[in-house]
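A short write-up of the structure that comes next.
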Amino acid sequence: MAKKRNIQGILWSWLHAAVMVLFTWVWLNFGPTSEDERLLIRASTIAKRLLFNIAPDRPQRHELMFINVAHDLDLIPRLDGNGKKLITNRAALARVLEFFKQHPDYYRYIVCDIVFDQADESENGRLKDSLLRAAFANLPRVVCAAGTNSKGALNQGLFPGKKAAVEYRARQGSLFLKFKLYQGKNKSLPLVMYEDIHQGKMASQGLGYTLNGRPSFNKMIIDFRVRQHHLRDTSFYGGYYTLQTMGELIDVYEFDADIFDFMKKHRPIVMIGDFTRADVHRTVVGQTAGTLILLNVYLGLVKGQSIISPFLVLLIWLGYFVLSYLTFYGLPFKTSNTWRRFSQTFFGKLIIEYISIALFLMLLTVLTYALFHVHLNILIMGVYIRLLYWVLSWRRRRKEQRHSPKQEQRQEGPRPSEFDQKDISMYKPGKHKAWKKRSFIRG
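Numbering (the working numbering), first residue to last: 695 to 1137.
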């Protein structure tokens, strides 16, 4: 009987753990980022990338080329007529793109993180737009950033070429932590970049997603392999990559175009964007350019950090199984009298019923992050386990209260039917006594 009860307990705990795994998957894909998760992501990222400076998987310097458009600007009238706004110097950008167009073997891929949503109506504006339009035409291996309209459709912008969504901006005043690979029905720019360079394929499968045929998360925690301080001059500030302006590239190209021949060997990925002025966001590693956010998401895809590994599922399932069994049935072995007395004290209940659950979930999420770059929501799970424990305890108390009066009745006296039998004592139920008649009258 005890063996059968143990098997049932294991099966129920295993089934309950499966339900918790399913809920975790739904939350990681569609749920918001809670405050406790923000804290864990921030602490683990700072420890990994800043404190211990773990970066063996950072791309080599010759694999990336960064072009900053923040200092090459033009003024154009606003559409509403209220003043003017700054835009990228489209004539300068056209000259840079024409160089790559003439030398397609100098680069592997071009990312242009600039949204072109308004025509240049200034003097010579149409000429600049026409130059940039001609530069984008038939330019191989390039993707441009684009926003979405009120219906969620992708805006195609003013110029030809492939477009991808860049809705990566966090809420005002909050830290940027996660990135959606599918943004509505649109593929994000890092995902398009990954599919083009590595011939990969991400598809939506109902409520789930697959990447190259394997289950995948749609939300990714960004692992900042390349950070803002890596873009400083390598000679003076110890930076890792060189950030160049469009003006510098144009001057060098016109002076000596052969200086770029080294690019034939390495064929870097070219990242074009505003790295220092307007498109900068708060992240767990400090102020970071939006173009770097896109790059780090792409690098995470290359490392397979969105893939749902079967070992990740097994680890979470085992953790939830242990937690479920302890919640349902308690410890599977006998404890000492000292432990039982301690568990009835205030501090004992605090540790067993609250702190132990939090520590167990924290250990589990540290393991999942260290091994698979996935954080669990320990607050939601902790509250759920605590409520489940309270409900089970309440049911046990109710059950004990229902059974205790019947037990007392069996102990205190005979059943009502026994009173009709001869020689039954209500003080000693079930025992017959041979009563002797004694006369207190002499004689």
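Ideal Cβ placement from N, Cα and C applies to all residues, glycine included.
Model, not experiment: these values are computed from the prediction.
Rounded distance between the beta-carbons of residue j and residue i, thought under 8 Å
{"i": "lysine 881", "j": "alanine 858", "result": "6 Å"}
{"i": "aspartate 814", "j": "arginine 784", "result": "6 Å"}
{"i": "threonine 939", "j": "aspartate 766", "result": "6 Å"}
{"i": "threonine 718", "j": "isoleucine 1079", "result": "Their Cβ separation, rounded to whole angstroms, is 13 Å, which puts threonine 718 and isoleucine 1079 out of contact at 8 Å."}
{"i": "arginine 732", "j": "leucine 871", "result": "6 Å"}
{"i": "threonine 970", "j": "asparagine 762", "result": "6 Å"}
First and last residue of the uninterrupted alpha helix (DSSP H) at residue i
{"i": "isoleucine 966", "result": "Segment 963-967 is the beta strand (DSSP E) holding isoleucine 966; no alpha helix (DSSP H) there."}
{"i": "phenylalanine 918", "result": "First-last for phenylalanine 918: undefined, no H or E at that position."}
{"i": "glutamine 796", "result": "784-796"}
{"i": "valine 805", "result": "Not the alpha helix (DSSP H): valine 805 falls in the beta strand (DSSP E), residues 803-806."}
{"i": "phenylalanine 1005", "result": "1004-1023"}
{"i": "lysine 958", "result": "957-960"}
{"i": "glycine 994", "result": "984-996"}
Closest residue to residue i among the options (Cα-Cα distance)
{"i": "lysine 874", "options": "Gln1095, Ala897, Pro909 and Lys913", "result": "Lys913"}
{"i": "aspartate 751", "options": "Arg919, Phe724 and Ile808", "result": "Arg919"}
{"i": "leucine 869", "options": "Arg976, Ile781, Thr939 and Ala839", "result": "Arg976"}
{"i": "leucine 988", "options": "Trp721, Gln899, Leu885 and Leu1086", "result": "Leu885"}
{"i": "glutamate 861", "options": "Leu852, Thr842, Asp952 and Lys879", "result": "Thr842"}
{"i": "cysteine 838", "options": "Leu852, Ile808 and Ser844", "result": "Ile808"}
{"i": "tyrosine 934", "options": "Ala831, Ile944, Ile953 and His923", "result": "His923"}
{"i": "valine 996", "options": "Met896, Val946, Leu734 and Lys779", "result": "Met896"}
{"i": "proline 798", "options": "Phe954, Leu1020 and Leu852", "result": "Phe954"}
{"i": "threonine 1021", "options": "Asp917, Val964, Thr1059 and Leu1086", "result": "Leu1086"}
{"i": "threonine 727", "options": "Phe760, Arg1089 and His1069", "result": "His1069"}
{"i": "proline 854", "options": "Leu716, Ala831, Lys845 and Pro753", "result": "Ala831"}
{"i": "leucine 734", "options": "Leu1061, Arg1089, Arg1091 and Val1077", "result": "Leu1061"}
{"i": "leucine 901", "options": "Glu889, Lys879 and Asp917", "result": "Lys879"}
{"i": "proline 753", "options": "Thr970, Asn990 and Leu1058", "result": "Asn990"}
{"i": "serine 816", "options": "Ser1050, Ile770 and Gln899", "result": "Ile770"}
{"i": "phenylalanine 911", "options": "Ile701, Trp1088, Arg1089 and Gly998", "result": "Gly998"}
Cβ neighbours of residue i in the same chain (closer than 6 Å, five flanking residues each side left out)
{"i": "methionine 714", "result": "Tyr1014"}
{"i": "lysine 822", "result": "Arg784, Ala785 and Asp814"}
{"i": "proline 909", "result": "Ile1002"}
{"i": "tyrosine 947", "result": "Phe793"}
{"i": "aspartate 768", "result": "Ile781 and Asn783"}
{"i": "methionine 759", "result": "Pro962 and Val964"}
{"i": "glutamine 866", "result": "Because the pLDDT of glutamine 866 is 46, which lies under 50, any placement of that residue in the model is unreliable, and the number read from its coordinates should be weighed accordingly. For glutamine 866, where only same-chain residues beyond five positions count, there are no Cβ hits under 6 Å."}
{"i": "glycine 994", "result": "Met914 and Asp917"}
{"i": "glycine 1076", "result": "Ile1051, Ala1052 and Leu1055"}
Close-in-space but distant-in-sequence residues of the same chain around residue i (CB under 7 Å, 5 per side omitted)
{"i": "histidine 756", "result": "His960 and Pro962"}
{"i": "histidine 710", "result": "Ser1018"}
{"i": "alanine 829", "result": "Ala788, Leu791, Glu792 and Lys795"}
{"i": "tyrosine 1023", "result": "Gly703"}
{"i": "leucine 905", "result": "Gly894, Met896, Ser1000 and Ile1001"}
{"i": "serine 844", "result": "none"}
Per-residue DSSP class, three states only, for residue i
{"i": "lysine 779", "result": "strand"}
{"i": "asparagine 723", "result": "helix"}
{"i": "alanine 839", "result": "strand"}
{"i": "isoleucine 1060", "result": "Isoleucine is not the amino acid found at residue 1060; the sequence shown has valine there. It is helical."}
{"i": "glutamine 899", "result": "strand"}
{"i": "asparagine 700", "result": "helix"}
{"i": "proline 909", "result": "strand"}
{"i": "arginine 848", "result": "The sequence given here places leucine at residue 848; arginine does not occur at that position. In the structure shown, leucine 848 sits in a strand (DSSP, three-state: E or B)."}
{"i": "lysine 822", "result": "helix"}
{"i": "arginine 976", "result": "strand"}
{"i": "phenylalanine 830", "result": "helix"}
{"i": "phenylalanine 853", "result": "coil"}
{"i": "alanine 864", "result": "With a pLDDT of 48 at alanine 864, under the threshold of 50, the modelled position of this residue cannot be trusted; read the value that follows with caution. Coil, per DSSP."}
{"i": "alanine 741", "result": "helix"}
{"i": "glycine 1095", "result": "A small fix is needed here, since residue 1095 is glutamine in this sequence, not glycine. Helix."}
Any C-beta of chain C under 7 Å from that of residue i
{"i": "leucine 780", "result": "Among the chains of the structure shown, chain C does not appear; only one protein chain is present."}
Extent of the continuous beta strand (DSSP E) to which residue i belongs
{"i": "aspartate 768", "result": "767-771"}
{"i": "lysine 879", "result": "That residue, lysine 879, is in no beta strand (DSSP E); it is neither H nor E in DSSP."}
{"i": "asparagine 762", "result": "758-762"}
{"i": "threonine 939", "result": "937-939"}
{"i": "lysine 874", "result": "872-874"}
Neighbourhood of residue i by C-beta distance below 8 Å, restricted to the same chain and skipping five residues each side
{"i": "arginine 921", "result": "Arg743, Val979, Gly980, Thr982 and Leu986"}
{"i": "tryptophan 721", "result": "Asn1071 and Ile1074"}
{"i": "isoleucine 944", "result": "Ala786, Arg789 and Val790"}
{"i": "glycine 984", "result": "Asp807, Val860, Tyr862, Arg863, Gly967, Asp968, Asp973, Val974 and His975"}
{"i": "leucine 1065", "result": "Phe1005, Leu1006 and Leu1009"}
Check: residue i C-beta below 6 Å from any heavy atom of the ligand FAD
{"i": "glycine 841", "result": "Summarising the ligand content, the structure contains no ligands, and the ligand FAD is consequently not present."}
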